[in-house]
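Everything on this sheet refers to the single structure shown next.
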């Protein structure tokens, strides 16, 4: 799977059912060549017009399933 293919998938928190946003970047461990975390830009109420977009880090171990359209994650993060 290519990065461009997963960047368009919605990130959904399975605990709350909330759509978090989209993948903005990856954190990679270059020593072993594996993905450590996804950097997700949160979906903003105001579409980023008023202020900076917020990013969160989702560890690879928190990913439950990568589907055709969504990535399901289990994280304690909750938007305010």
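Residue numbers (my numbering): 13 to 92.
C-beta: ideal position from N, C-alpha, C; glycine also.
Would you grab the beta carbon distance between residue i and residue j for me? Rounded to a whole angstrom, and I think it's under 8 Å.
i          : j          : result
residue 36 : residue 87 : Their Cβ separation, rounded to whole angstroms, is 16 Å, which puts residue 36 and residue 87 out of contact at 8 Å.
Does DSSP put residue i in a helix, a strand or coil?
i          : result
residue 18 : helix
residue 46 : strand
Just the C-alpha distance for residue i and residue j, rounded to the nearest angstrom, thanks.
i          : j          : result
residue 40 : residue 46 : 6 Å
residue 68 : residue 43 : 23 Å
residue 65 : residue 74 : 22 Å
residue 27 : residue 13 : 26 Å
Less than 8 Å between the beta carbons of residue i and residue j, yes or no?
i          : j          : result
residue 32 : residue 54 : yes
residue 78 : residue 20 : no
residue 49 : residue 84 : no
residue 38 : residue 51 : yes
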